[in-house]
DNA sequence: AGTCTGTATGAAAGCGCTTTCATTTTTTCA
DNA sequence: TGAAAAAATGAAAGCGCTTTCATACAGACT
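Protein chains in written order, with our numbering: chain A, 1 to 363; chain B, 364 to 726.
Next comes the structure, spelled out in structure tokens:
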């Protein structure tokens, strides 16, 4: 069902009594035409209800004024939020967003990315640094500028705007260690095809190891990102390993599930058990006990990715990597290890954890 | 930064030893060429890493294989979910999604919709039936097929896939009335430019009026969709009007806030106070007490909107209006009116509210 | 053998714009 | 006042495809 025969640019030109070229310029480069002419053209545009034909424009000018975003899923509020911010940034600049999601399937990711590039996006926003070799090859070959988000490209090869999952995880682990916890479990999203989740688990493990505490596989559960799954996972963990005094969750959704499971089984938080999240979604501050978590500036990531891409398209130079600030939000869901559990020479934990200052971005 | 000089279709044609037309057909209408030829072309495509040029294709064929969606915001999980489902549906059909949001600003809505139409979308998915006259005019003139979602077009003029906010609201109000509540407040999102929110408030008012119970303006609070706002709004309501025994919320986010406020002030739910939500987000079933709400099949709305548009583009006929099923989810956050409050001749409320059967779609 | 299908291919005309490049008009300045 | 520079406009050549339309050549039928 093609569009109805609507006014084209030469209709506008004729109606304004100018040539096609002048009409074109009056619309896309108004500075180049005489004010009187410009106004005549604008009047003709309004009169005819002229709407430029994007495909023709893109074909002739070799730019589509369209950017693509490929996210795992919008069902995770952090990606919804960054995507929302990205779209707003682009709209303000006269750009449009082509959106695709892949639900953590690398093949789907390649397919939808191809589709976006076929549509002629001028640039691309991707999530994470974990992509199939085919995708990497395709991106390199198709020569479309892109930004990786939610990550700082470990190799430093690509443009990216994100934060150090490594540092954030280490700091959270440190926090619990400082509270005296030694029996710690990790509740993670699926780590396959998700470098962020993988990094978080690995770094928690590393931090614990730094204090001589192992994190056996049995204490790491991977599950889908949902409250119910988080709840179920903690239940399993606790049944198998009642000595646990704390759990570090890969995101706040899982942490909320953990909190609910504690409530259901009468485990007082934080008196008996500590729960830590990641992301700082709105609910984290509102639930009771309020959730200790890491605040990620989700909207800022989307916004900056858009701004950076726009800047690059305009020929400006931007720093290859941009770090956004994250902040440990110490709230009520974590506390000193329960007295009975503080064996193994745990040093005395501070009773009032001090709110840690935000980690500032590098630039 | 235009794409690098990459292979074009005539390169493919030459490499395969066929004409441009044949190469084109081999790619977009494989049934029309001899199997041997087809394979030669495919090999050439693979060898050259050929990626079709969408704009050229769109220009020549007058269809972009792109659909647009205009949503209020992705920060509301219901729109994130339906958009996610829409994008998945389109991707499976070889279509791509252009996404825009307007944050409940009618001017922004017109602007972003224009932008999508300029980009040559073959069809459009909009939310609600509440649009500016300019938008209506623009849509009519630009002749792009569209679907309204989350609503059943009251006038019946437009294609739509949604549900009756009217019936859902009436049933929820009825439920609380049946439990004996007479002092009921409404916590709504902003109703300006939001027909769904407006309808919900209006129908609750209507249902109460049916039992001779007024719903004064003072008992209706409009606020932004956030947990904190929901909490604050209920606080205000309760302080101003301590006789209240129940609140009906415009969505689950607000209801969660209401629940938290009750917990904070030691109001037992549902013994002292009842809270009802709308949408049935995941958390609704998980919190304690579990939230009584209306289940909306968010993903299905997005999916069906996509499927219907695709069908229409393929020349098939679809019913003008499609209703998706909604279901009253009676859970633990609503209960009989507290004994002390049951004045004014309330008839005895059922102690065990029976789970009501789902309302079935019409077709 | 001659005509008629039907299938496979190719030639060429755009799709609706942007963008050189050339030309005309206006402004500047000696 | 006239030449040079700057500003404004127009003509025309594509951008990379799809899609008639025409042609060629099998096999089917009389």
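Beta carbons are placed, not taken as given, at the ideal position from N, Cα and C, and that holds for glycine.
Keep in mind that this is a model prediction, so the values were computed, not measured.
Cβ-based burial, residue i [other Cβ within 10 Å; buried from 16]
i: residue 115 of chain A; result: buried
i: residue 241 of chain A; result: exposed
i: residue 438 of chain B; result: buried
i: residue 651 of chain B; result: exposed
i: residue 504 of chain B; result: exposed
i: residue 494 of chain B; result: buried
i: residue 514 of chain B; result: buried
i: residue 462 of chain B; result: buried
i: residue 577 of chain B; result: exposed
i: residue 698 of chain B; result: buried
i: residue 20 of chain A; result: exposed
i: residue 313 of chain B; result: Only positions 364 to 726 of chain B appear in the structure, and residue 313 of chain B is not among them; the question remains open.
i: residue 35 of chain A; result: exposed
i: residue 43 of chain A; result: exposed
i: residue 387 of chain B; result: buried
i: residue 520 of chain B; result: exposed
Assumed close pair residue i, residue j - CB separation to whole angstroms, cut-off 8 Å
i: residue 69 of chain A; j: residue 83 of chain A; result: 6 Å
i: residue 526 of chain B; j: residue 687 of chain B; result: 5 Å
i: residue 144 of chain A; j: residue 117 of chain A; result: 6 Å
i: residue 643 of chain B; j: residue 659 of chain B; result: 6 Å
i: residue 291 of chain A; j: residue 255 of chain A; result: 6 Å
i: residue 676 of chain B; j: residue 485 of chain B; result: 6 Å
i: residue 305 of chain A; j: residue 161 of chain A; result: 5 Å
i: residue 468 of chain B; j: residue 492 of chain B; result: Wrong, their Cβ atoms sit about 17 Å apart, outside the cutoff.
i: residue 94 of chain A; j: residue 65 of chain A; result: 6 Å
i: residue 422 of chain B; j: residue 56 of chain A; result: 5 Å
Within chain B, partners of residue i - CB distance below 9 Å
i: residue 10 of chain A; result: The contacting residues do not exist; residue 10 of chain A stays about 15 Å from chain B at best.
Within chain A, the residues that residue i reaches when beta carbons sit closer than 9 Å
i: residue 594 of chain B; result: 286
i: residue 591 of chain B; result: 282, 285, 286
Of the residues the options, the one placed nearest residue i, counting alpha carbons only
i: residue 583 of chain B; options: B:575, B:413, B:481, B:560; result: B:560
i: residue 11 of chain A; options: A:119, A:46, A:108, A:273; result: A:46
i: residue 190 of chain A; options: A:200, A:88, A:14; result: A:200
i: residue 641 of chain B; options: B:611, B:666, B:623; result: B:611
i: residue 634 of chain B; options: B:472, B:602, B:701; result: B:701
i: residue 471 of chain B; options: A:205, A:43, A:89, A:54; result: A:89
i: residue 340 of chain A; options: A:111, A:236, A:183; result: A:183
i: residue 593 of chain B; options: A:231, A:282, A:273, A:239; result: A:282
i: residue 124 of chain A; options: A:267, A:157, A:177, A:86; result: A:86
i: residue 695 of chain B; options: B:590, B:631, B:685; result: B:631
i: residue 274 of chain A; options: A:179, A:57, A:61; result: A:179
i: residue 586 of chain B; options: B:599, B:575, B:574; result: B:599
i: residue 426 of chain B; options: B:482, B:414, B:574; result: B:482
Chain-ordered neighbours of residue i on chain A, where CB pairs are closer than 8 Å
i: residue 438 of chain B; result: 77, 80, 81, 84
Chain-ordered neighbours of residue i on chain A, where CB pairs are closer than 7 Å
i: residue 475 of chain B; result: 91
i: residue 479 of chain B; result: 96
i: residue 626 of chain B; result: 288
i: residue 427 of chain B; result: 55
i: residue 482 of chain B; result: 54, 66, 96
Within chain B, the residues that residue i reaches when beta carbons sit closer than 8 Å
i: residue 260 of chain A; result: 649, 650, 651
Per-residue contacts from residue i into chain B (C-beta, under 7 Å)
i: residue 56 of chain A; result: 422
i: residue 99 of chain A; result: 450, 460, 462
Endpoints, the beta strand (DSSP E) within which residue i is located
i: residue 552 of chain B; result: Unbroken run through residue 552 of chain B: none, as it is neither H nor E.
i: residue 585 of chain B; result: 583-585
i: residue 444 of chain B; result: Segment 440-455 is the alpha helix (DSSP H) holding residue 444 of chain B; no beta strand (DSSP E) there.
i: residue 149 of chain A; result: 146-149
i: residue 576 of chain B; result: Neither: residue 576 of chain B is in no beta strand (DSSP E) and is coded neither H nor E.
i: residue 407 of chain A; result: As displayed, chain A neither begins before 1 nor continues past 363, which places residue 407 of chain A out of reach and without an answer.
Residue range of the unbroken alpha helix (DSSP H) whose run includes residue i
i: residue 138 of chain A; result: 133-142
i: residue 408 of chain B; result: 398-411
i: residue 109 of chain A; result: 106-118
i: residue 312 of chain A; result: 298-313
i: residue 286 of chain A; result: 282-286
i: residue 624 of chain B; result: 615-627
i: residue 25 of chain A; result: 20-28
beta-carbon residue i near the ligand ATP non-hydrogen atom, thresh 7 Å
i: residue 19 of chain A; result: Inclusion of the ligand ATP in the displayed structure is not the case, the ligand content being empty and no account of it being possible.
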